[in-house]
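Residue numbers (the numbering used here), protein chains in the order written: chain A, 3 to 357; chain B, 5 to 512. Remarks on the structure that follows.
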Amino acid sequence: MTGLLMRGADKPKSVRRFTWDVTIYLILAAVLLVGFAINPEFGTAFNFSAILANMGEIMLIAMPMTLLIISGEIDLSVASIVGLSGVVFGYTYYFGGVPIAVAAALGILTGALCGALNGFLVAKLALGSLAVTIATLALFRGFATAILGNESVAEYPEAWTNFGYDTIGTSFIPRTFPLIVTFILLFAVLAHLTSFGRRVYGIGQNVEAARFAAISVTTYKWILFILTGTMSGVAGIVYTLRFSTAQWDNAIGLELAVISVVLLGGVSIFGGIGSIWGVVGAALLFGTLEALFNLQGISPNVFTVVTGVLLISAVVIPVALRRLNQAREFREGAKTRIPVDSSTGSRPKEPSGGS
Amino acid sequence: MAAGKASGEILLVRNANKRFGGVQALKDAKLTLRDGEIHALLGENGAGKSTLVKVLAGVHRLDSGTVELNGKPFIQGSPRAAMEQGITVIYQEPSLFPDLSLAENVFISRLPRKGVAITWAQTRDETKKLFDELGVDLNPERLARGLSIADQQVVEIAKALSLDASVILMDEPTAALTSSEVARLMSVMRKLAERGKCVVFVSHRLDEVFAVCSEVTVMRDGETVAESPIDKTSISEVIKWMVGRELKEMFPKVDAKVGATALEVKSLNSASEFKDVSLHVKKGEIVALAGLVGSGRSEVARAIFGVDPYDSGEVILNGQKLPPKRPKTSVARGLALVPEDRRQQGLFMISSVARNVAMEMLNRLSKLGFITNKQEINLTQKWQEKLQIKYSDPRAPVESLSGGNQQKSVLAKWLATDPDVLIVDEPTRGIDVATKAEVHRLLSQSAADGKAVLMISSELPEVLGMADRIYVMHEGRLTAEMARNEATQEKIMFAATGEKVAVAGKKR
């Protein structure tokens, strides 16, 4: 039925082939092949190093964002949290004189608190997450300005900034890479192999059924916002170290890239559908395309257009295929399977017999 | 059938058939309406009244049969065409435009104009005139926002008059009204009849029907079973017509050893939904909560389970007080609720059968919170065997199953938790006869296993066949409690429509 929209592993083999997460990796493979073919610089270690490093923060935030959108909510304030936690990190280290590890912890804690505030407003007070996080997007950015003004903190111990932009040994793998892979694995397990993950999908698919299934919807949503805030805090530290700069406008606009990647990865904006693997594939695709466009000297504006087209495809194609499937099913099953008459509002009349 | 007034037949429905999937909603139904009468259309939930009303409103189209209006064939299938032909339906909760004035609402489809300019004074004056004719005091210039339901209905009626409707159907209009509002609506209905309109009154409140109507048509299982002038019949005869279903399907309730009280509800109150509800269910018992749809039964179940809050009262499970608004605690202490609407409340439709069946067992199946598809599938296969659920693959989405098998999946999900008290809300609604019997067998087996079962059901044969004891609810209150051997369809229907049970006793 909705095979294309569903995470593969949970589905019968017959529908598993055409899932969107697989499609994403096929497109990624195609882009890589084209890249190797048309540009000699594309296949270099330096290029791949840059791709992985550039996608670092997006990947870190996209992981909890995937779960949050699956649960039916969204957080637009993540880039502001990245900025604010970086500012807290830089400020407490440079002006506050605390050890840098403590400053980093304070930055991440700031992210967690921001997430907790979003969660309180959305889950506890039942306000719309779109409106709430647009407001906190401005609020958190405002805090960042209030703390550092137009100053920036650019002096950090070399060992820490190396972590931000150096590679492991002589390889092309950024030092942040193991950290990011660890988080991807953690979130993949959380989403697909835990009771927590199962319930998050349930909440996103049907919040009323989730309440009848005795799931504490409020608590779950709150936890998801805190996770998103915390991971944005982590991304804030990574971002600050990578550019060796903490200032109020760090990562401005990054939320669009994060949400684009999540949706491109096959997560339904209506909740309930999606997978971590799809989002990881989408992030890699996003980064690879960006790098290829850069190398070819194509204007970033064109890249923006391509991203837009991909995003629309990611939203439209699954829906279109679903409608096609439904239409086909309706024709095939017209004799045995009668659609519920939505206009009646009365009890659904069921076909009889087995499926 | 009884002959009414000789003249003025305005609407004739003959041999009307309508089928939804496996359910025959109308079976050779007929309806005869005349000018200037107030005609009651009665029947149990699911008897076919609403389908018939919706056909006349232009929402549904008949599969076969004729509808004749003023001697001409009625054009079906378009609400707008229905309105233009002179049929208007007033629903229980009208949907006015809240930010427009009452006058604008009345004339919304054709505001009087001079050239391109709307003549507001004329709109207002004509609306005022209509309100005066109906004998209600409403300001045409106020906004519809905040208007009581009763007043909204009056605005809808004025709108019908302005469209020169000849038939005005009212679908349970009094369900949400206070007694003084009901009295005013009745006087409006009489005024409409005096003006030669035909008013159709769909209601479960037989006292109101007998107070205001002149004719009555009774439906049962999609058929028209009786037509009569109101003064030639009685409440008890009408109830007999409504419930006169044969108890041909057998619902075997195996005798079970009745044990200690498992669930006790003490004067539970919820401001808008129900009042002073006290009931108990013992281990091994199946207790039915009967009544009409909307009488507050589901709301009580939801409050007990903790999905909805309640204002006062207590729920005691296995001798321990159950905290309100804590479904998680309820489940942990051994309570299960199979909700009324399996699609909206019982299942995650696009998730697999296995995900759904294992949902309540996640804590018990998982180790340190980790769970695999394999564990869920194993559990599901175990319950597939027990409940004979038919599916192609446990990983198939539950929406691909038939209604009966979906319902079995919900039951499996809750039986897997091995609850002490099982509340089932309309457990066999919309499922085929064979699966129905299996669900009944399962409930009976659960009781035999020592579980306490509270079954909400609108189907009287099911209630009479399955229940050891029956509570009847009417408009948020328990109106009767009876043991299996003293219950009859008539007695339950009397209590469910708010009539005194004693009357039924006399008739028996």
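All C-beta atoms in this analysis are idealised placements derived from N, C-alpha and C, irrespective of residue type, glycine included.
Among the options, which has the Cα closest to the Cα of residue i?
| i | options | result |
| --- | --- | --- |
| Ala-362 of chain B | B:Gln-349, B:Glu-430 and B:Lys-386 | B:Lys-386 |
| Gly-283 of chain A | A:Ala-215, A:Gly-267, A:Ala-114 and A:Ser-51 | A:Gly-267 |
| Leu-138 of chain B | B:Arg-149, B:Lys-76 and B:Lys-201 | B:Lys-201 |
| Leu-134 of chain B | B:Val-285, B:Gly-150 and B:Val-192 | B:Val-192 |
| Gln-349 of chain B | B:Leu-37, B:Leu-104 and B:Glu-430 | B:Glu-430 |
| Val-319 of chain B | B:Ala-266, B:Val-203, B:Leu-115 and B:Leu-369 | B:Ala-266 |
| Val-206 of chain B | B:Lys-118, B:Lys-195 and B:Met-223 | B:Met-223 |
| Phe-38 of chain A | A:Ala-322, A:Thr-309, A:Phe-91 and A:Leu-297 | A:Leu-297 |
| Met-67 of chain A | A:Thr-147, A:Ser-234 and A:Phe-174 | A:Ser-234 |
| Ala-264 of chain B | B:His-284, B:Gly-338, B:Pro-331 and B:Leu-468 | B:His-284 |
| Val-335 of chain B | B:Phe-374, B:Thr-221 and B:Glu-364 | B:Glu-364 |
| Gln-388 of chain B | B:Glu-289, B:Val-311 and B:Ala-420 | B:Ala-420 |
| Leu-256 of chain A | A:Leu-192, A:Arg-143 and A:Ser-154 | A:Arg-143 |
| Asp-23 of chain A | A:Ala-322, A:Leu-291 and A:Ser-270 | A:Ser-270 |
| Ile-474 of chain B | B:Glu-490, B:Lys-34 and B:Ala-164 | B:Glu-490 |
| Ser-461 of chain B | B:Gln-324, B:Val-171 and B:His-444 | B:His-444 |
| Ser-51 of chain A | A:Ala-140, A:Ile-314, A:Ile-26 and A:Ile-170 | A:Ile-170 |
| Leu-393 of chain B | B:Lys-417, B:Lys-378 and B:Leu-326 | According to the sequence as given, residue 393 of chain B is Ile; it is not Leu. Per the Cα distances, B:Lys-417. |
Just the C-alpha distance for residue i and residue j, rounded to the nearest angstrom, thanks.
| i | j | result |
| --- | --- | --- |
| Gln-449 of chain B | Glu-442 of chain B | 10 Å |
| Ile-239 of chain A | Asp-397 of chain B | 47 Å |
| Arg-201 of chain A | Ser-277 of chain A | 14 Å |
| Gln-410 of chain B | Leu-366 of chain B | 20 Å |
| Gly-335 of chain A | Ser-404 of chain B | Caution applies to Gly-335 of chain A, whose pLDDT of 45 falls short of 50 and renders its modelled position unreliable; the value that the coordinates give is listed next. If you take the alpha carbons of Gly-335 of chain A and Ser-404 of chain B, they lie about 12 Å apart. |
| Lys-22 of chain B | Val-71 of chain B | 13 Å |
| Met-477 of chain B | Ile-496 of chain B | 9 Å |
| Lys-412 of chain B | Ala-179 of chain B | 33 Å |
| Val-63 of chain B | Thr-228 of chain B | 20 Å |
| Gly-45 of chain A | Val-311 of chain A | 26 Å |
| Val-304 of chain A | Thr-21 of chain A | 28 Å |
| Glu-157 of chain A | Gly-166 of chain A | 13 Å |
| Ala-137 of chain A | Gly-273 of chain A | 22 Å |
| Ser-238 of chain B | Ser-218 of chain B | 12 Å |
| Glu-268 of chain B | Leu-391 of chain B | 29 Å |
| Ile-149 of chain A | Val-260 of chain A | 26 Å |
| Gly-295 of chain B | Thr-483 of chain B | 9 Å |
| Val-357 of chain B | Phe-198 of chain A | 18 Å |
| Ile-300 of chain A | Ala-293 of chain A | 10 Å |
| Val-425 of chain B | Gly-226 of chain B | 35 Å |
According to DSSP, is residue i helix, strand or coil?
| i | result |
| --- | --- |
| Gly-335 of chain A | With a pLDDT of only 45 at Gly-335 of chain A, under the threshold of 50, the placement of this residue in the model should not be trusted, and no figure is reported. |
| Ala-180 of chain B | coil |
| Ser-240 of chain B | helix |
| Met-233 of chain A | helix |
| Gln-28 of chain B | strand |
| Asp-235 of chain B | helix |
| Asp-175 of chain B | strand |
| Lys-22 of chain B | strand |
| Thr-21 of chain A | coil |
| Leu-458 of chain B | strand |
| His-444 of chain B | helix |
| Gln-89 of chain B | coil |
| Met-353 of chain B | coil |
| Gly-274 of chain A | coil |
| Phe-374 of chain B | strand |
Taking residue i as part of the beta strand (DSSP E), name the residues at either end of that continuous run.
| i | result |
| --- | --- |
| Tyr-475 of chain B | 473 to 478 |
| Asp-424 of chain B | Per DSSP, Asp-424 of chain B belongs to no beta strand (DSSP E) and is neither H nor E. |
| Leu-272 of chain B | 265 to 274 |
Please list the terminal residues of the continuous alpha helix (DSSP H) segment that includes residue i.
| i | result |
| --- | --- |
| Lys-495 of chain B | 493 to 500 |
| Pro-180 of chain A | 179 to 194 |
| Cys-116 of chain A | 102 to 121 |
| Asn-489 of chain B | No alpha helix (DSSP H) holds Asn-489 of chain B; DSSP gives it neither H nor E. |
| Thr-138 of chain A | 131 to 150 |
Is any beta-carbon of chain E found at less than 9 Å from that of residue i?
| i | result |
| --- | --- |
| Arg-201 of chain A | No chain E is present in this structure, whose protein chains are A and B. |
Segment contact flag, the region 82 to 101 of chain B with the region 144 to 153 of chain B, C-beta cutoff 8 Å, min 3 pairs: yes
At least 3 beta-carbon pairs within less than 8 Å: the region 230 to 250 of chain B vs the region 268 to 287 of chain B: no
Contact the region 116 to 130 of chain A vs the region 217 to 236 of chain A: 3+ CB pairs below 8 Å: yes
Three CB pairs or more closer than 8 Å across the region 209 to 219 of chain B and the region 39 to 49 of chain B: yes
Contact between the region 163 to 174 of chain B and the region 51 to 65 of chain B (3+ Cβ pairs under 8 Å): yes
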